Each structure stands twice: as structure tokens, then as C-alpha cells.
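Trainee: Protein chains in written order, with the working numbering: chain A, 1 to 412; chain B, 413 to 652.
Where is the CB? At the ideal position from N, CA and C, for every residue including glycine.
Owing to the predicted nature of the structure, the values given are computational and were not obtained by experimental measurement.
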Amino acid sequence: MFTFRLALRNVFRQYGRTTLSMVSIVAGVFLLILGRGLVGGMKENIIRAQIDTASAHVQVQPHEYPETGLRHPIDKLVTLDKKRRSWLDANSKSWTARLLFTARVVHNRDAVRARIIAFDPATDGDVFPRKDWKVDGAIPKGKDDGVLISKGLARAFEVKKGDTLVFEARTAAGAINALQMPIAGVLRTGNPAFDRIGVMMAMPAAESLVIAEGKRSHVSLLLDDRNDSTEMATRLLGTFGKNSARVRTWQLETDALVKVQDLRQAFVDIIALALMAIAAAGIANTVLMAAYERVREIGTLRAMGMTRAAVVRLFVAEGTVMGVIGSGIGAALGGWVVNKYSEQGIDMSPLIDQASSTGAYDSIPFSVMLYMAPSGTAVLGAMLFGLIVAVLASIYPAIVATRMQPADAVRA
Amino acid sequence: MAICELTDIKKTYGSGAAEVHALAGVSFTLEPGEFTVICGPSGSGKTTMLNIIGLLDVPTSGEVKLEGVDTAGMKGKERARARAKRIGFIFQSFNLVPVLSASENVETALHLAGAKGDHKAAAKKALASVGIGELVDRKPAELSGGQQQRVAVARALVKEPALVIADEPTANLDSATGSAVLELMRDMNEQQGVTFVFSTHDPMVIARARRVVTLRDGAVHSDEVREPPSQAGHVEREQR
Numbered sequence: 001m002f003t004f005r006l007a008l009r010n011v012f013r014q015y016g017r018t019t020l021s022m023v024s025i026v027a028g029v030f031l032l033i034l035g036r037g038l039v040g041g042m043k044e045n046i047i048r049a050q051i052d053t054a055s056a057h058v059q060v061q062p063h064e065y066p067e068t069g070l071r072h073p074i075d076k077l078v079t080l081d082k083k084r085r086s087w088l089d090a091n092s093k094s095w096t097a098r099l100l101f102t103a104r105v106v107h108n109r110d111a112v113r114a115r116i117i118a119f120d121p122a123t124d125g126d127v128f129p130r131k132d133w134k135v136d137g138a139i140p141k142g143k144d145d146g147v148l149i150s151k152g153l154a155r156a157f158e159v160k161k162g163d164t165l166v167f168e169a170r171t172a173a174g175a176i177n178a179l180q181m182p183i184a185g186v187l188r189t190g191n192p193a194f195d196r197i198g199v200m201m202a203m204p205a206a207e208s209l210v211i212a213e214g215k216r217s218h219v220s221l222l223l224d225d226r227n228d229s230t231e232m233a234t235r236l237l238g239t240f241g242k243n244s245a246r247v248r249t250w251q252l253e254t255d256a257l258v259k260v261q262d263l264r265q266a267f268v269d270i271i272a273l274a275l276m277a278i279a280a281a282g283i284a285n286t287v288l289m290a291a292y293e294r295v296r297e298i299g300t301l302r303a304m305g306m307t308r309a310a311v312v313r314l315f316v317a318e319g320t321v322m323g324v325i326g327s328g329i330g331a332a333l334g335g336w337v338v339n340k341y342s343e344q345g346i347d348m349s350p351l352i353d354q355a356s357s358t359g360a361y362d363s364i365p366f367s368v369m370l371y372m373a374p375s376g377t378a379v380l381g382a383m384l385f386g387l388i389v390a391v392l393a394s395i396y397p398a399i400v401a402t403r404m405q406p407a408d409a410v411r412a
Numbered sequence: 413m414a415i416c417e418l419t420d421i422k423k424t425y426g427s428g429a430a431e432v433h434a435l436a437g438v439s440f441t442l443e444p445g446e447f448t449v450i451c452g453p454s455g456s457g458k459t460t461m462l463n464i465i466g467l468l469d470v471p472t473s474g475e476v477k478l479e480g481v482d483t484a485g486m487k488g489k490e491r492a493r494a495r496a497k498r499i500g501f502i503f504q505s506f507n508l509v510p511v512l513s514a515s516e517n518v519e520t521a522l523h524l525a526g527a528k529g530d531h532k533a534a535a536k537k538a539l540a541s542v543g544i545g546e547l548v549d550r551k552p553a554e555l556s557g558g559q560q561q562r563v564a565v566a567r568a569l570v571k572e573p574a575l576v577i578a579d580e581p582t583a584n585l586d587s588a589t590g591s592a593v594l595e596l597m598r599d600m601n602e603q604q605g606v607t608f609v610f611s612t613h614d615p616m617v618i619a620r621a622r623r624v625v626t627l628r629d630g631a632v633h634s635d636e637v638r639e640p641p642s643q644a645g646h647v648e649r650e651q652r
């Protein structure tokens with residue numbers, strides 16, 4: 001108690017110097033927590049966007065379906081008979097089937113190849129939530145309701161809601177077919193894979209264009225617990241047959257992206273560690289200067305019977321006080337910011353727009369809103385780390401202080 | 413039993429051509445209740461001798477006994493414990509801890525000595541006994557030099573040590589304040605039997621001592637015992 005009281009008083013002897021030293025530890029702890037919250041949030045965002053806009057928890061696709069690119073063959077599709085539909089009803093929280101194909105979209109003299117996502121108006125919204133969608137117009141429900149086109153496509157053709165587009169595509173049987181449809185609205189999902197060249201078409205309209213006869217390219221399921229997806233994948237393979245279907249889980253789809261986020265996390269951690277090293281140097285300097293300034297005082301205390309170990313304890317206690325205060329403030333600030341943006345979210349639209357325009361991130365789904373990932377472990381860990389750094393940084397000055405000979409120090 | 417016994421103490425600093433013999437075979441015994449001054453010109457070895465008596469330094473050769481115990485085999489921690497419990501220090505520059513109040517400075521001595529009981533009450537009593545009972549909460553910067561030295565006296569005495577070592581205690585005080593502080597220490601010596609040993613140049617202190625040991629070139633030049641203590645110091649100082 002005596003040591004702590006003395007340490008506390010000593011720390012605030014030089015307010016300015018102590019504050020400067022503590023600022024670096026505040027910054028280090030803050031950045032550590034913020035970095036973890038941000039990268040953790042991005043990781044969860046990618047997973048959530050993948051689940052919400054593309055793969056759901058588990059997805060059944062035709063066997064040997066292309067994994068990337070704009071190829072969406074419709075010659076070999078998944079059959080959804082009554083038995084399979086019943087099985088899906090019984091074994092999932094909700095499910096829906098989509099049909100992806102490519103079509104040549106024509107407007108006046110311009111034409112572009114686009115990715116068409118045909119959806120079931122009755123069930124699609126149950127699996128792929130639309131809360132992050134920004135729709136300028138109405139979501140089509142039937143054959144004659146038109147299509148939703150992506151912002152990228154609207155920009156490319158310079159069209160708007162109410163204009164008309166022509167869709168040319170091959171039917172499942174290989175014949176060429178075309179359909180003229182009005183634009184029901186312009187949609188931005190936050191998924192660059194759609195937002196650049198995507199079209200959302202109600203299934204009845206798609207059926208009349210490609211005549212898939214009830215077959216689908218993607219059957220997507222939501223489960224009660226997303227962590228059950230691997231087990232469900234095995235069961236789905238049993239139901240749909242290994243030779244005609246393959247099953248992809250959200251973990252499989254996001255694996256590479258999550259690894260990239262882990263790498264980002266490591267970079268952020270390195271920056272935070274560098275800041276911590278600066279903080280350590282600052283604290284060591286503060287405590288060392290305090291030791292040199294208090295030579296006579298330390299000598300007096302040693303003369304009065306303070307042991308070397310007690311002197312070390314005193315200086316380490318001073319470092320600890322700075323560590324506790326600095327880490328505490330850093331953790332409080334970091335925790336507050338991460339918590340605030342975990343609820344409020346950060347609008348990533350400008351960044352996504354930029355990514356969409358370059359096409360560099362076409363295959364990376366990303367929600368418009370980024371919610372930071374609050375973590376009690378990250379806050380406690382960063383705080384503890386800051387404290388340990390402060391304590392370690394005060395050991396060298398403490399050793400310097402014990403080297404002072406009391407006989408000389410009292411007369412310094 | 414003697415409080416302190418030095419036998420043929422030698423202390424050498426440096427080596428080769430730079431070798432300095434600070435003490436060259438000093439023998440000295442300090443009995444309980446003494447009010448002794450060690451004086452001598454600069455470089456005579458006063459400070460070195462006080463450091464050795466106070467267990468702040470170790471001799472190159474010779475024997476040091478504190479209350480009959482040979483200190484030669486004592487390790488740093490044991491010497492610190494002996495200083496904490498049995499020796500009080502009063503310094504020329506007071507050496508109070510600036511961030512602690514007068515009371516807390518005195519409590520520090522009790523804490524380091526491992527004393528039991530109510531430290532706050534004991535510190536308050538000690539400060540009252542040196543005449544500054546109303547200044548317990550003041551920080552050193554809020555006290556005059558004389559008041560600071562009184563706190564230092566209280567700090568040295570509160571743990572009831574066997575010996576108080578005072579290194580030039582009046583050097584930084586004006587004559588009236590120095591005289592008052594010295595009077596206080598002499599009262600403690602006479603009324604409570606506290607043993608004091610001083611290092612000083614101050615004729616006032618020398619005049620009031622019961623025993624004056626003069627060092628010259630690291631050796632005891634003279635060892636004069638006076639009885640009763642002289643009052644001439646006042647006169648001599650005023651005449652200067």
C-alpha cells in the first residue's frame with residue numbers, strides 16, 4: 001500500500017511527461033482494439049455478405065459447375081422433384097432455388113453480356129435478406145413485372161426505371177431465345193459480383209426465356225445454426241446424389257477471403273505492436289528520468305532501510321500505474337468506438353462503388369454496411385498487453401535506481 | 413554494550429596512483445546516550461566514517477560492530493534491515509520525500525522499520541514532539557527549512573533507533589533556526605537518552621557536544637570528552 005501510494009504520487013509529479021508517455025500506450029491499446037474490431041467486422045461482413053447474397057449456409061449446385069467467372073451453363077441443372085422439395089422443407093430453416101445464366105442484354109445499339117439471377121419471388125427473400133438492398137423501383141414478382149438491373153448496368157446503358165431492355169439467351173435445350181422486358185428498378189446489393197453486371201429476374205420470366213422446366217442451378221438453404229453446414233452438406237449429397245450435384249458450404253466459399261482478413265489482422269497487430277514498442281520506450285524514458293531526478297530521494301529511502309527489491313517494486317509500481325491508466329483509457333476508448341460502430345455500422349458504399357467500377361473485387365461479396373466486431377477478449381487482451389509492456393518498460397530504470405549507492409545518493 | 417564499535421577501520425578508494433586513503437586505521441567506540449561530534453577539515457574522512465557507522469558503506473579492512481553485532485558478514489538486505497530498525501538519519505539538505513506530507517514522511521520510517529501499530533498516530537505524536545504538530549499535512553515545499561529539518565528529526569526518532577546520525581544538520585539553516593533544531597536534538601538526547609553522532613563544521617554544534625572527535629588525514633587526531641555540555645556555542649556564533 002505504501003509502495004503503491006508513493007508510486008501514484010511520483011507518477012503525477014511531472015504531469016506533462018507522464019501524460020505524453022501514457023498517450024502512446026493509450027494509442028497502442030486503442031489501435032489494437034480498433035484493428036481487431038475493424039478486421040473482425042470485415043471478416044464477419046464478408047461471411048455475412050456471402051451467406052446473405054450468394055451462398056446461404058449451404059448450397060447445392062450441378063456437378064462440375066464452374067466455380068468462378070461469368071460461365072453459368074444451364075444444360076446440366078439440379079432437378080427439384082416433389083420428394084426433394086419435401087426433404088428440403090423438413091430439413092432446413094428455409095430454402096430457395098435460383099437459376100443463374102448469362103444473357104446478352106441489348107439496349108438500342110448497345111449490348112453487354114450480363115449475369116442473370118432468376119429467383120423465386122415466394123421464397124428468395126426468406127433465404128437472401130434484402131435489408132441492405134437499395135432499390136430504386138419495385139421488386140418483380142411475376143412474368144410481366146420486368147427486371148431489376150444493377151447500378152453498373154444502368155450506368156453502362158444510361159437507362160432508368162421504366163426503360164426497356166432486350167435479353168437474348170440460349171434455352172436449356174440450346175435454342176436461341178429473346179425477351180423484351182421493362183426495367184422495374186435499379187438495385188444495389190453491395191455484392192460487386194451483382195452490382196456491376198447483374199440482373200434480377202423473377203423465375204416465371206426466366207422460365208419463359210431459357211425454358212429450364214423447373215430445373216435450377218443453385219438450391220440455397222438456411223439452417224438454424226450456420227455451424228451445422230458441413231454436416232448438412234453430407235446429408236444433401238446423399239439426397240441429391242454425388243454424381244449429379246455438389247454441395248458448397250459458406251465456410252468453403254469464404255475460406256480464401258477469411259485467410260486474407262487474417263493476414264490483414266496480422267498487419268494491424270504488427271502496427272499496434274510497433275506503437276506499443278514506442279510506448280515502452282516512452283515509459284522507460286519517463287521512469288528512467290524519474291530515477292535520475294530522484295537520486296537523493298532514492299538514496300535517502302535506501303539509507304532509511306529500503307531494500308533494493310523494494311526500490312525495484314517502487315519503480316515497477318510507477319510503470320504499472322502508468323500502464324493501468326494508459327491501458328484503461330485506451331481500452332475504454334477502443335471499446336467505445338468498436339461498440340458504437342458495431343451497432344451503428346459504417347456505410348461502405350463509396351468503397352464498394354469504387355470496387356464495382358474497377359471490377360477488381362467482382363468475386364468478393366461485401367455488405368454495404370460494415371459492422372465492427374466487438375470482443376471482450378480483444379479489449380481485455382489489449383489492456384493486459386499494454387499493462388505488461390508498461391511493467392516491463394519500468395524494469396530497466398528500476399535496476400538503474402538500485403545501482404545507486406545510498407552513501408553517494410543521499411548527498412547528490 | 414557500546415552502540416557502535418569501530419576497530420582499526422581503513423577505507424581506500426581507487427587504485428594505483430589514484431588510490432586515496434579516506435580512513436587510515438580509525439578505532440572509535442560510541443556509548444549509549446552520547447552526543448558526539450565528528451569534526452575536521454574537508455577530506456579528513458568525516459563523511460566516510462559516518463557512512464561506515466551508518467552501515468551505508470563497508471570498510472576496506474577493520475571491524476564494525478553495531479550493538480555488539482559484527483556487521484562484516486551482513487548482506488545488503490540485512491544491512492538495510494539494521495538501518496531501518498536501529499539507525500536514524502538526519503541530512504544537511506533534510507532529504508524529505510517531496511510528494512509526501514510531513515506525516516507521511518515520518519510514517520515512511522515506521523513502514524520501512526516494519527513497526528507495528530498506528531503509524532499515523534505515531535507520526536503525529538513525533539511531529540508534535542518536535543514542535544510542528546499542526547503541520548502534519550503540509551508537503552515539504554510548504555515548510556520552512558527549520559520546519560523541514562524538524563520533520564527530518566521526527567522521522568529519525570519515530571522508530572526509536574539506537575543511534576541517530578546527523579550529517580551537517582545545521583548547515584542549511586540560519587543560526588537561530590539551527591540553534592533551535594540543535595536544542596531540540598539535545599533535549600531528545602538528555603530526556604530520552606537518544607544517542608547522536610554528528611558530522612559538522614558548525615562551531616555551535618561543536619560547542620554543544622559532550623564529546624568531540626577530530627579527524628585529520630583519515631585518522632583520529634583528538635577525542636575530547638566534555639562534561640557537562642558547554643553553552644559557549646551561542647556566544648561564539650553570535651560573536652562571529
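1) Which bits of chain A does B/G488 rub up against, with CB to CB less than 8 Å?
2) Determine whether the beta carbon atoms of A/P182 and A/T171 lie at a separation below 7 Å.
3) Helix, strand or coil: how does DSSP classify A/S327 here?
4) Using alpha carbons as the reference points, say which of A/R155, A/G40, A/A378 and A/A310 lies closest to A/R335.
5) For A/H218, which residues does DSSP report across the bridge?
6) Nearest chain B C-beta to A/F2 closer than 7 Å, yes or no?
7) Going by DSSP, what residues sit across from B/Y425 in a beta bridge?
8) One question on the structure: do A/A103 and A/I116 come within less than 7 Å of each other, judged by their Cβ atoms?
9) For B/F501, would you say it is in contact with chain A, using Cβ-to-Cβ distances shorter than 7 Å as the test?
10) Taking C-alpha atoms, which residue in B/Q561, B/K532, B/H531 and B/P552 lies nearest to B/G543?
11) Quick one: measure Cβ to Cβ for A/M276 and A/A331, integer angstroms, because I've assumed they're closer than 8 Å.
12) Tell me the rounded alpha-carbon separation between B/V509 and A/S327.
13) How should A/D145 be labelled, buried or exposed, when 16 other C-beta atoms within 10 angstroms of its C-beta is the threshold for buried?
14) In chain order, what residues of the same chain lie with their CB nearer than 6 Å to the CB of A/Y341, ignoring the 5 residues before and after it?
15) Any residues in the stretch 502 to 525 of chain B with a beta carbon nearer than 9 Å to a beta carbon of chain A? Which ones, in chain order?
16) What are the uninterrupted segments assigned as beta strand (DSSP E) that are 3 or more residues long and contained completely in the stretch 118 to 182 of chain A, given in chain order?
17) Any idea which residues DSSP pairs A/M369 with across the strands?
18) What residues in its chain sit with their C-beta under 7 Å from that of A/T79, if we drop five residues either side in the sequence?
19) Compare the C-beta of A/V295 against all C-beta atoms of chain B and say whether one is closer than 7 Å.
20) With 16 as the cutoff for other CB atoms within 10 Å, does A/N108 come out buried or exposed?
21) Taking the alpha-carbon positions, what's the B/K532 to B/E417 distance?
22) At the level of alpha carbons, what is the spacing between A/A290 and B/V637?
23) Where do the N-terminal and C-terminal ends of the beta strand (DSSP E) with B/R628 fall, by residue?
24) What is the residue span of the alpha helix (DSSP H) that A/I283 lies within?
25) Taking a Cβ distance cut-off of 8 Å, strictly less, list which residues of the stretch 448 to 480 of chain B are near chain A, in chain order.
26) With burial defined as no fewer than 16 other Cβ atoms inside 10 Å of the residue's Cβ, what is the status of A/E64: buried or exposed?
27) Report yes if the CB atom of A/V186 is closer than 7 Å to the CB atom of A/K141, and no otherwise.
28) Between A/V338 and A/P374, which are expected to be in contact by the criterion C-beta below 8 Å, what is the C-beta distance as a whole number of angstroms?
29) At a Cβ threshold of 7 Å, is B/E650 touching chain A?
30) Is the Cβ of B/A492 closer than 7 Å to any Cβ of chain A?
31) According to DSSP, what are the bridge partners of B/T441?
32) Helix, strand or coil for A/G198, going by three-state DSSP, please let me know.
33) What distance in whole Å lies between the Cβ atoms of A/A233 and A/V219, which are believed to be in contact at a cut-off of 8 Å?
34) For a contact defined as C-beta to C-beta under 7 Å, what are the partners of B/A496 on chain A?
35) Alpha carbon to alpha carbon, how far is B/V449 from A/A317?
36) Report the residue from A/D347, A/L88, A/L32 and A/G323 whose alpha carbon sits nearest the alpha carbon of A/T19.
Mentor: Let's see:
1) The residue labelled residue 488 of chain B in the question sits at position 76 within the second sequence. In chain order: T307 and R308.
2) As a working mapping, residue 182 of chain A is identified with position 182 in the first sequence. As a working mapping, residue 171 of chain A is identified with position 171 in the first sequence. No. Outside cutoff.
3) As a first step, residue 327 of chain A is located in the first sequence; it is residue number 327 there, counting from the start. Three-state DSSP puts A/S327 in a helix.
4) The residue labelled residue 335 of chain A in the question sits at position 335 within the first sequence. The sequence as given places Gly at residue 335 of chain A; Arg does not occur at that position. With distances taken between Cα atoms, A/G335 lies closest to A/A378.
5) As a first step, residue 218 of chain A must be located in the first sequence, where it is residue number 218. Looking at the DSSP output, A/H218 shares a beta bridge with A/R98.
6) Along the first sequence, read from residue 1 onward, the residue named residue 2 of chain A stands at position 2. Chain B, which has a Cβ nearer than 7 Å to the Cβ of A/F2, makes this yes.
7) For the purposes of this step, residue 425 of chain B is taken as the residue at position 13 of the second sequence. Answer is B/V432.
8) As a working mapping, residue 103 of chain A is identified with position 103 in the first sequence. As a working mapping, residue 116 of chain A is identified with position 116 in the first sequence. Contact: yes.
9) Working through the second sequence from its first residue, we reach residue 501 of chain B at position 89. In terms of beta-carbon proximity, B/F501 lines the interface with chain A, with at least one pair separated by less than 7 Å.
10) Taking the second sequence and counting its residues from 1, one reaches residue 543 of chain B at position 131. The candidate whose alpha carbon is nearest that of B/G543 is B/Q561.
11) By one-based count along the first sequence, residue 276 of chain A stands at place 276. By one-based count along the first sequence, residue 331 of chain A stands at place 331. That belief does not hold up - the Cβ atoms of A/M276 and A/A331 are roughly 13 Å apart, past 8 Å.
12) In the second sequence, counting from the first residue as 1, residue 509 of chain B sits at position 97. In the first sequence, counting from the first residue as 1, residue 327 of chain A sits at position 327. Cα to Cα, B/V509 sits roughly 28 Å from A/S327.
13) To locate residue 145 of chain A, count along the first sequence from 1; it is residue 145. The Cβ neighbour count for A/D145, taken over all protein chains shown within 10 Å, is at least 16; the residue is labelled buried.
14) Counting from 1 along the first sequence, the entry for residue 341 of chain A is found at position 341. Cβ neighbours of A/Y341 within its own chain (closer than 6 Å, five residues either side excluded): M372.
15) Interface annotation for the stretch 502 to 525 of chain B against chain A: F503, Q504, S505, N507, L508, V509, P510, V511, L512, E516, E519, T520, A521, H523, L524 and A525, criterion Cβ-Cβ distance under 9 Å.
16) The stretch 118 to 182 of chain A is shown to contain whole beta strand (DSSP E) runs of 3 or more residues at 134 to 137, 147 to 150 and 164 to 170, in chain order.
17) Counting from one through the first sequence, the residue named residue 369 of chain A turns up at place 369. Answer is A/D347, bridged to A/M369.
18) The sequence position of residue 79 of chain A within the first sequence is 79, counting from 1. Same-chain partners within the cutoff: K215.
19) Position 295 of the first sequence, counting from 1, holds the residue named residue 295 of chain A. It does not: the Cβ of A/V295 has no partner Cβ on chain B nearer than 7 Å.
20) On the first sequence, position 108 is the one that residue 108 of chain A refers to. A/N108 is classed as exposed because its beta carbon has fewer than 16 other beta carbons within 10 Å across all chains shown.
21) Start at 1 with the first residue of the second sequence, and residue 532 of chain B comes out as number 120. Start at 1 with the first residue of the second sequence, and residue 417 of chain B comes out as number 5. If you take the alpha carbons of B/K532 and B/E417, they lie about 34 Å apart.
22) For this step, residue 290 of chain A is matched to residue 290 along the first sequence. For this step, residue 637 of chain B is matched to residue 225 along the second sequence. Approximately 45 Å between the Cα atoms of the pair.
23) The residue given as residue 628 of chain B occupies position 216 in the second sequence. Bounds of the beta strand (DSSP E) holding B/R628 are R623 to R628.
24) As a position in the first sequence, residue 283 of chain A is number 283, starting the count at 1. W250 to E293 is the span of the alpha helix (DSSP H), which, as asked, contains A/I283.
25) Taking 8 Å as the Cβ-Cβ cut-off against chain A, the residues of the stretch 448 to 480 of chain B that qualify are T459, N463, G466, L468 and D469.
26) Along the first sequence, read from residue 1 onward, the residue named residue 64 of chain A stands at position 64. Result: exposed.
27) Here residue 186 of chain A is taken as the residue at index 186 of the first sequence, counted from 1. Here residue 141 of chain A is taken as the residue at index 141 of the first sequence, counted from 1. Not in contact: A/V186 and A/K141 (Cβ atoms no closer than 7 Å).
28) For this step, residue 338 of chain A is matched to residue 338 along the first sequence. For this step, residue 374 of chain A is matched to residue 374 along the first sequence. Taking a contact as a CB-CB distance under 8 Å, the pair A/V338 and A/P374 counts as one, their CB atoms being some 5 Å apart.
29) In the second sequence, counting from the first residue as 1, residue 650 of chain B sits at position 238. Note on B/E650: pLDDT 37, under 50, position unreliable in the model; the coordinate value appears next. So no, B/E650 is outside the interface.
30) Here the question's residue 492 of chain B lines up with position 80 in the second sequence. Chain A, which has a Cβ nearer than 7 Å to the Cβ of B/A492, makes this yes.
31) Here residue 441 of chain B refers to the residue found at position 29 when the second sequence is read from its first residue. B/T441 is bridged to B/E417.
32) Reading the first sequence from its first residue, position 198 is the one you call residue 198 of chain A. Three-state result, A/G198: strand.
33) Locating residue 219 of chain A in the first sequence gives position 219, counting from the first residue. Locating residue 233 of chain A in the first sequence gives position 233, counting from the first residue. Not confirmed; about 12 Å, so no contact.
34) Working through the second sequence from its first residue, we reach residue 496 of chain B at position 84. By Cβ distance, chain A contributes M304 and G305.
35) Taking the first residue of the second sequence as position 1, residue 449 of chain B is located at position 37. Taking the first residue of the first sequence as position 1, residue 317 of chain A is located at position 317. Straight-line measurement puts the Cα of A/A317 at about 40 Å from the Cα of B/V449.
36) Here residue 19 of chain A refers to the residue found at position 19 when the first sequence is read from its first residue. Nearest neighbour of A/T19 by Cα position, chosen from A/D347, A/L88, A/L32 and A/G323, turns out to be A/G323.
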